[in-house]
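Novice: Residue numbers (the working numbering), protein chains in the order written: chain E, 49 to 161; chain Z, 25 to 139.
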Amino acid sequence: AQTVTQSQPEMSVQEAETVTLSCTYDTSESNYYLFWYKQPPSRQMILVIRQEAYKQQNATENRFSVNFQKAAKSFSLKISDSQLGDTAMYFCAFTTNAGKSTFGDGTTLTVKP
Amino acid sequence: KAGVTQTPRYLIKTRGQQVTLSCSPISGHRSVSWYQQTPGQGLQFLFEYFSETQRNKGNFPGRFSGRQFSNSRSEMNVSTLELGDSALYLCASSFAPQGGQETQYFGPGTRLLVL
Numbered sequence: 049a050q051t052v053t054q055s056q057p058e059m060s061v062q063e064a065e066t067v068t069l070s071c072t073y074d075t076s077e078s079n080y081y082l083f084w085y086k087q088p089p090s091r092q093m094i095l096v097i098r099q100e101a102y103k104q105q106n107a108t109e110n111r112f113s114v115n116f117q118k119a120a121k122s123f124s125l126k127i128s129d130s131q132l133g134d135t136a137m138y139f140c141a142f143t144t145n146a147g148k149s150t151f152g153d154g155t156t157l158t159v160k161p
Numbered sequence: 025k026a027g028v029t030q031t032p033r034y035l036i037k038t039r040g041q042q043v044t045l046s047c048s049p050i051s052g053h054r055s056v057s058w059y060q061q062t063p064g065q066g067l068q069f070l071f072e073y074f075s076e077t078q079r080n081k082g083n084f085p086g087r088f089s090g091r092q093f094s095n096s097r098s099e100m101n102v103s104t105l106e107l108g109d110s111a112l113y114l115c116a117s118s119f120a121p122q123g124g125q126e127t128q129y130f131g132p133g134t135r136l137l138v139l
């Protein structure tokens, strides 16, 4: 069984600063996919970034980047130049090659002006 | 392309009743997954359908069932509703012919309140 742990229930950051959200997972599978999703107060879940486990290069998407440490089973999300619109709950998710997904409990991020 | 749509958006039921939720995936997407989101349990995977077949299943009781039609639209049914079934039910679609490598696109959810 897969587990995903987000150890920070809540975080806050000042606008324009950088923040890192932590995620660790446990699995016995060798090939899988990792995602960060954002759920703003509107509740619409939106993909932030994805990482294939077989790729060593860390994924980057504009101000969002990940630090993927496969051996440590760690998948943290770094948000640079934080904006007020980044305020949301962030979910780390793990998907097996067969398509079964496990989500972490989420981290509520507040960006302060 | 239109996004994932879910109907109804809000629903109030009483204990013991049953409910059916509907999800229309993005055009061309063949995989539909369902999730239950509650404040206490986070986001829990219910099941995934691909080409009208249940391909993956989470750890929910048999009261929770689903199906997928030939046009990829999916329905989820919950029978004998309990107070604890009150939650936001999210549907997500992806192309996913080979499973988990595809990004999931989520609908806005159906908020179910069981009284």
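Note that beta-carbon positions come from the ideal geometry of N, C-alpha and C, so glycine has one too.
Looking only at its chain, what residues have a beta carbon closer than 6 Å to the beta carbon of E58 of chain E, apart from the 5 residues adjacent to it on each side?
Specialist: Mapped onto the first sequence, residue 58 of chain E falls at position 10. Excluding sequence neighbours, E58 of chain E sits near T156.
Novice: Measure from the alpha carbon of Q60 of chain Z to the alpha carbon of each residue in Z:S48, Z:T38, Z:I50 and Z:S89, then state which is nearest.
Specialist: By one-based count along the second sequence, residue 60 of chain Z stands at place 36. Of the listed residues, the one whose Cα sits closest to Q60 of chain Z is Z:S89.
Novice: Compare the C-beta of S149 of chain E against all C-beta atoms of chain Z and say whether one is closer than 8 Å.
Specialist: The count along the first sequence starts at 1 and reaches residue 149 of chain E at position 101. Yes, because at least one Cβ of chain Z sits closer than 8 Å to the Cβ of S149 of chain E.
Novice: Extract the residue ranges of the alpha helix (DSSP H) inside the segment 95 to 161 of chain E, only unbroken runs of 4 or more that lie entirely within it.
Specialist: none
Novice: Measure the C-alpha to C-alpha separation of G40 of chain Z and V138 of chain Z and round it to an integer number of angstroms.
Specialist: In the second sequence, residue 40 of chain Z corresponds to position 16, counting from 1. In the second sequence, residue 138 of chain Z corresponds to position 114, counting from 1. Looking at the two C-alpha atoms, the distance is approximately 9 Å.
Novice: How would you call K103 of chain E, buried or exposed, if buried means at least 16 neighbouring beta carbons within 10 angstroms?
Specialist: Counting from one through the first sequence, the residue named residue 103 of chain E turns up at place 55. Counting Cβ neighbours within 10 Å, K103 of chain E comes out exposed, since fewer than 16 surround it.
Novice: Is there a Cβ of chain Z sitting closer than 8 Å to that of R98 of chain E, yes or no?
Specialist: Here residue 98 of chain E is taken as the residue at index 50 of the first sequence, counted from 1. Taking Cβ atoms only, chain Z reaches closer than 8 Å to R98 of chain E, which makes this a yes.
Novice: On the criterion of 16 or more Cβ atoms from any shown chain inside 10 Å, does Q87 of chain E qualify as buried, or is it exposed?
Specialist: Start at 1 with the first residue of the first sequence, and residue 87 of chain E comes out as number 39. Looking at its Cβ environment, which holds 16 or more other Cβ atoms inside 10 Å, Q87 of chain E is buried.
Novice: How is Y40 of chain Z classed by DSSP in three states: helix, strand or coil?
Specialist: Walking along the second sequence from the start, residue 40 of chain Z turns up at place 16. Rather than Tyr, the amino acid found at residue 40 of chain Z in this sequence is Gly. Reduced to three states, the DSSP call for G40 of chain Z is coil.
Novice: If you count every other CB in all the chains shown that lies within 10 Å of the CB of I97 of chain E, and 16 or more means buried, which is it?
Specialist: What you label residue 97 of chain E is simply residue 49 of the first sequence in a count that begins at 1. By the neighbour-count rule (16 or more Cβ atoms within 10 Å), I97 of chain E is buried.
Novice: Quick one: list the residues of chain Z neighbouring F139 of chain E, beta-carbon separation under 9 Å, in chain order.
Specialist: As a first step, residue 139 of chain E is located in the first sequence; it is residue number 91 there, counting from the start. G66 and L67, listed in chain order.
Novice: Looking at the C-beta of W91 of chain E, does it have a partner C-beta in chain Z at a distance below 8 Å?
Specialist: As a first step, residue 91 of chain E must be located in the first sequence, where it is residue number 43. For the sequence presented, residue 91 of chain E should be read as Arg rather than Trp. Chain Z contact via Cβ: present.
Novice: With 8 Å set as the bound, which would you pick, yes or no: does the beta-carbon of A101 of chain E sit closer than that to a beta-carbon of chain Z?
Specialist: Taking the first sequence and counting its residues from 1, the one referred to as residue 101 of chain E is at position 53. Judged by the 8 Å Cβ criterion, A101 of chain E is not in contact with chain Z.
Novice: Please report the distance separating the alpha-carbon of L15 of chain Z from that of T62 of chain Z.
Specialist: The structure shown does not extend to residue 15 of chain Z, since chain Z spans only 25 to 139, so no value can be given for it.
Novice: Specify, as a first and last residue, the run of the beta strand (DSSP E) that T68 of chain E falls within.
Specialist: Counting from one through the first sequence, the residue named residue 68 of chain E turns up at place 20. T68 of chain E -> beta strand (DSSP E) spans V67 to L69.
Novice: Need the endpoints of the beta strand (DSSP E) that Q68 of chain Z sits in, please.
Specialist: In the second sequence, residue 68 of chain Z corresponds to position 44, counting from 1. Segment G66 to F74, the beta strand (DSSP E) holding Q68 of chain Z.
Novice: Mapping DSSP to helix, strand and coil, what is L105 of chain Z?
Specialist: Stepping through the second sequence from its first residue, residue 105 of chain Z is reached at position 81. Correct three-state label for L105 of chain Z: coil.
Novice: Would DSSP call T127 of chain Z helix, strand or coil?
Specialist: On the second sequence, position 103 is the one that residue 127 of chain Z refers to. Correct three-state label for T127 of chain Z: coil.
Novice: How is the beta strand (DSSP E) around L139 of chain Z delimited, first residue to last?
Specialist: Within the second sequence, the letter at position 115 stands for residue 139 of chain Z. From DSSP, L139 of chain Z is part of no beta strand (DSSP E); its letter is neither H nor E.
Novice: Are any of the Cβ atoms in chain E nearer than 8 Å to that of G133 of chain Z?
Specialist: Numbered from its first residue, the second sequence carries residue 133 of chain Z at position 109. Answer yes: the Cβ-Cβ gap between G133 of chain Z and chain E drops below 8 Å somewhere.
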